[in-house]
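A quick write-up on the structure given underneath.
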DNA sequence: CATCAAGATATGTCTAGTTGTATAATATAG
DNA sequence: CTATATTATACAACTAGACATATCTTGATG
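Residue numbers (this note's numbering), protein chains in the order written: chain A, 1 to 242; chain B, 1001 to 1242.
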């Protein structure tokens, strides 16, 4: 009579407000350092109580997007992390240069046979053993990407051990005789987050991700790493160098 | 317990309560916009459980007679606003003629490239710069619609500034040399409200909206505005002139 | 010009009240 | 006995208002 089984599990009001403000910020309507409208004004705009706006703002503060000062207002803390993609792609260096505090958590390192795509990208025979590792990247303590990258073991013997000991791609490659490497190719596309990715990135299943696929080569143009990275779309802006 | 338990009840308690409240409303005891007593008070007054009162209120909400807002209360719903759609569509004029108090709140004005659909509707090259603005429409202080409309900047230089200064489409167009305009086409369809729309219109996510897509042209039949409006389905009745 | 005081604003915190939702128990009709 | 209507209880989410406290603005004062 009154209700049908098709009940609407609506998103919380404060959550919708947070999303709206997050969108305004990421679209540049409020630039970094800008003062957001006062809580009272926002409450009026959205037609809700001030406490509901405060809940939304608290969420944005928790995410690091907004910083509040009592008596002064709420200010946009920073734009999404700029992540330059060019000939030299170094996670730690890039974020340090942007004034961020980078962090990396390796979830797994394993040896396994190469898939067809991996073998092709690394220019090795299909089914050859390689070293794969995947994990999470953080900026200022907030997860911004999940990655999976593989190395040809035949070309880089001991890379798996070096990776485990150093926890750094750059250092591990240096350990096995690759002092420098450059990005040979990068492909970008947008996909939806699956459950696992959403969990790691603290977002919702289906939220947009920016997927980057790239191959790094050594000084003699031999592929040394084939990596895929899924960036949280609302936290990262990739910038392309000429 | 207080009511005769041995007798067979022809009508359910909640139904009787709904009828009583419906009568109070139709007799003017509660005028449109008035706040009904709280569920606790009504439960006390009718000598029943709060849930039984809620069942009655749910029925009235379903009928469209009552609107509830969590934390605020239950209110007698205002009558739907008649909104004529014809050759001349003027938000303010239409509502003033209907004896309402119109209001408009522009949320954003920006310049950006035209999408394919917008370029087609305005008969301009794809990607050309246009002026877009979106916001909210009110009738007697209640939000009844969200809108987004775009203008071709090449054909109407300065329209964005005029819009910002006047806050009125009709006046802004007059400022840039379009003294009069008429509706060339209108398309209507029903859609579900997303979280943002629901928030602005103070309704629930998934509630039905009436979407109107229209193109306005100047005296020489050149498109000057391409607008989309989402009306709250329970607050507006569109009326078509012959 | 520099400084201080007072007022206006804005966020932080607290208390209370109201609707929304979930779960379980009880009564009544069929 | 079974299904439905009603009661009972608890908690979550949102509103409403008041007050404290930090910050900014303004104007008077020397």
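Beta carbons: idealized from backbone N, C-alpha and C, even for Gly. Treat the numbers as computed from the prediction; the structure is a model and nothing was measured.
| query | Exposed or buried, residue 1190(B), counting other C-beta atoms within 10 Å across all chains shown (16 or more means buried)? | reply | exposed
| task | Report the option in 176(A), 210(A), 235(A) and 168(A) whose CA atom is closest to the CA atom of residue 229(A). | result | 210(A)
| field | Exposure of residue 1160(B), with buried meaning 16 or more beta-carbon neighbours within 10 Å | value | buried
| query | Would a C-beta distance cut-off of 8 Å place residue 17(A) and residue 65(A) closer than the cut-off? | reply | no
| request: Below 9 Å between beta carbons is the criterion; list the residues of the region 210-234 of chain A that meet it against any residue of chain B, in chain order. | output: none
| message | Within 10 Å of its beta-carbon, does residue 180(A) have 16 or more other beta-carbons around it, so buried, or fewer, so exposed? | response | exposed
| message | Please list, in chain order, the chain B residues whose beta carbon lies closer than 9 Å to that of residue 29(A). | response | 1108 and 1110
| task | Compute the Euclidean distance between the alpha carbons of residue 243(A) and residue 223(A), then round it to the nearest angstrom. | result | One cannot answer for residue 243(A) here, as it falls past the ends of chain A, which runs 1 to 242.
| field | Residues near residue 1106(B) by beta carbon distance below 7 Å, same chain, minus five either side | value | 1133, 1135 and 1167
| field | Beta-carbon proximity list for residue 203(A), same chain, < 7 Å, skipping 5 on both sides | value | 193 and 232
| request: Determine the chain B residues that contact residue 38(A) at a beta-carbon separation under 9 Å, and present them in chain order. | output: Chain B residues near residue 38(A): none, gap ~16 Å exceeds 9 Å.
| task | Count the other CB atoms, across all protein chains shown, that sit within 10 Å of the CB of residue 1197(B); report buried if there are 16 or more and exposed otherwise. | result | buried
| query | With a CB to CB cut of under 8 Å and the five nearest residues on each side skipped, what residues in its chain are close to residue 147(A)? | reply | 134, 135, 136, 137, 227, 228, 229 and 230
| From 1158(B), 1213(B) and 1141(B), residue whose alpha carbon lies closest to that of residue 1101(B) | 1141(B)
| said: Here's the rule I'm using: 16 or more other beta-carbon atoms within 10 Å means buried, otherwise exposed. How should residue 200(A) be labelled? | reply: buried
| said: List, in chain order, every chain A residue whose beta-carbon is nearer than 8 Å to that of residue 1143(B). | reply: 47
| task | Quickly, what does DSSP pair residue 104(A) with across the bridge? List them, please. | result | 137(A)
| Nearest chain B C-beta to residue 20(A) closer than 8 Å, yes or no? | yes
| message | Below 8 Å on C-beta distance, what does residue 68(A) contact in chain B? | response | None at all; the shortest Cβ gap to chain B is about 22 Å.
| field | Span of the beta strand (DSSP E), counted from its first residue to its last, around residue 1057(B) | value | From DSSP, residue 1057(B) is part of no beta strand (DSSP E) but of the alpha helix (DSSP H) over 1050-1063.
| task | With a cut-off of 8 Å on the beta carbons, I'd call residue 1076(B) and residue 1036(B) a contact; round off their distance for me. | result | 7 Å
| Looking at the C-beta of residue 10(A), does it have a partner C-beta in chain B at a distance below 8 Å? | yes
| message | Please report whether the beta-carbon of residue 5(A) lies at a distance below 8 Å from any beta-carbon of chain B. | response | In this predicted model, residue 5(A) has a pLDDT of only 30, less than 50, meaning its place in the structure is not dependable; the value taken from the coordinates is given anyway. Not one chain B Cβ lies under 8 Å of residue 5(A).
| From residue 40(A) to residue 29(A), what distance separates their C-alpha atoms? | 19 Å
| Going by C-alpha distance, which of 1019(B), 1234(B), 1158(B) and 1183(B) is nearest residue 1207(B)? | 1234(B)
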